[in-house]
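As structure tokens, the structure follows; a few thoughts come after it.
Numbering (the working numbering), first residue to last: 2 to 408.
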């Protein structure tokens with residue numbers, strides 16, 4: 002059962018509601034600001050939205066509370082959703098309709114990787130025989146990636162066709178002595194065929210050069226180190242938009258893609274909602290900026306159609322790296338308390354998000370906006386309210402405050 006808080010007067014159709022607004026306002030005055038709470042069906046709320054009258058009936062900051070269950074554990078939560086924005090949205094068929102944007106007030110009870118660290122090589126056309134192989138570092142990055150340095154490793158078992166090599170995780174931040182290479186039969190495999198050490202040297206067959214952009218044969222240095230920051234291909238997007246059980250909500254999105262760690266143990270996010278709520282939301286057009294490192298050839302932005310999505314910098318009333326990722330949401334403009342947009346790399350305690358299971362525990366929450374200067378990080382708001390891409394590597398399992406649109 003769903004409920005909406007502030008206001009309580011609800012009717013069967015948007016038109017009837019609007020006709021009674023004057024009466025409602027008098028009641029509010031009589032209540033002298035006392036909190037009002039009432040229950041209603043989601044279908045009635047949707048009718049108001051579809052009639053284009055939501056902004057006349059509800060206020061930014063009003064809350065809809067719906068049940069959500071972590072299906073894998075059976076733990077039930079009251080998911081409080083803030084009304085953050087009113088505006089027209091575009092559906093898959095191109096139709097524009099009125100929408101009311103609802104964002105989780107609290108962070109999800111657990112994190113999901115935006116994207117696992119990706120493979121650096123795939124045996125797409127034929128088996129890769131056992132033997133000694135080497136790679137060359139093609140860019141300076143962090144403490145340990147030095148242009149021109151070569152590293153080698155020895156495979157004692159062949160990699161089957163369709164298999165992949167995964168390794169050099171955290172390459173700029175981990176010492177060469179910590180680097181490893183693992184082989185897998187495919188991107189969905191979680192059990193390595195073998196894991197071997199890496200040493201300095203150029204013995205054996207060269208697989209190529211690690212560069213930030215990648216070259217098609219070898220993956221991007223950024224993506225093999227910390228995952229891929231492309232929203233359209235992210236594991237986070239797949240999780241948020243699936244109602245499938247654990248082990249069934251992820252599929253590979255590119256030849257280097259790898260299954261997220263949470264796939265085996267967590268059900269798709271949408272599986273936790275009741276049908277009454279899901280019937281009122283649908284996929285809408287979402288525009289997201291691409292990074293300029295590995296995705297430059299694909300343009301500046303791309304479009305997805307998502308039932309659930311993460312906010313962008315721009316929607317959070319934060320100065321974006323590239324404009325066009327959505328309208329500013331009034332909720333976050335008001336929350337900021339500022340007349341101008343919040344800035345990247347600054348801290349704003351007033352926009353912190355707390356855990357759904359502990360309302361005093363501030364959390365890192367991920368945004369969908371890519372850090373456009375690399376291929377592996379997205380922006381986030383940290384537990385202090387800091388707006389940055391630190392700890393934003395796609396491989397990290399951060400929590401989020403998802404958004405959907407009643408339309």
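Where is the CB? At the ideal position from N, CA and C, for every residue including glycine.
It should be emphasised that the depicted structure is a prediction, and the values quoted were computed from it without experimental measurement.
Subject >> Contact set for residue 405: own chain, Cβ-Cβ below 7 Å, skip 5 residues either direction >> reply: 103, 282, 308 and 309
Subject >> Opening and closing residue of the beta strand (DSSP E) in which residue 151 lies >> reply: 151 to 156 is the extent of the beta strand (DSSP E) around residue 151.
**OP:** Provide the residue(s) that pair with residue 378 in DSSP beta bridges, ordered along the chain.
**Re:** 394
Subject >> Whether residue 109 touches residue 357 by CB criterion (9 Å) >> reply: yes
Original post:
If you drop the 5 nearest sequence neighbours on each side, which residues of the same chain put their C-beta closer than 6 Å to that of residue 159?
Top reply: 128, 130 and 131
**OP:** Give the straight-line distance between the Cα atoms of residue 199 and residue 152, rounded to the nearest whole angstrom.
**Re:** 7 Å
Original post:
For residue 388 versus residue 344, is the C-beta distance shorter than 9 Å?
Top reply: yes
Original post:
Where residue 400 and residue 215 are concerned, what is the direct C-alpha to C-alpha distance, given to the nearest angstrom?
Top reply: 29 Å
Subject >> contact_flag[the segment 361 to 372, the segment 221 to 239] where n(CB pairs < 8 Å) is 3 or more >> reply: A contact exists between the segment 361 to 372 and the segment 221 to 239.
**OP:** Could you pull the start and end residues of the alpha helix (DSSP H) that residue 51 belongs to?
**Re:** For residue 51, the enclosing alpha helix (DSSP H) stretches over residues 43 to 51.
Original post:
Given that a residue counts as buried once 16 or more other Cβ atoms are within 10 Å of its Cβ, and exposed if not, what is residue 237?
Top reply: Residue 237 should be labelled buried.
**OP:** Use the C-beta contact count for residue 141: other C-beta atoms within 10 angstroms, 16 or more gives buried, fewer gives exposed.
**Re:** exposed
Subject >> residue 276 - DSSP class collapsed to helix/strand/coil >> reply: Here DSSP, grouped into helix, strand and coil, assigns residue 276 to helix.
Subject >> Element boundaries [alpha helix (DSSP H), containing residue 222] >> reply: 222 to 227
Original post:
Considering only the beta carbon of each residue, do residue 366 and residue 326 sit closer than 9 Å?
Top reply: no
Subject >> Residues bridged to residue 57 [DSSP beta-bridge criterion] >> reply: Looking at the DSSP assignment, residue 57 forms no beta bridge with any residue, so it has no partner.
**OP:** Please classify residue 408: does DSSP put it in a helix, a strand, or coil?
**Re:** coil
**OP:** Work out the CA separation of residue 47 and residue 67 for me, nearest whole Å.
**Re:** 14 Å
**OP:** Report the residue from 191, 42 and 294 whose alpha carbon sits nearest the alpha carbon of residue 376.
**Re:** 294
**OP:** Under 8 Å Cβ to Cβ from residue 206, same chain only, skipping five residues before and after it: list those, please.
**Re:** 132, 133, 134 and 135
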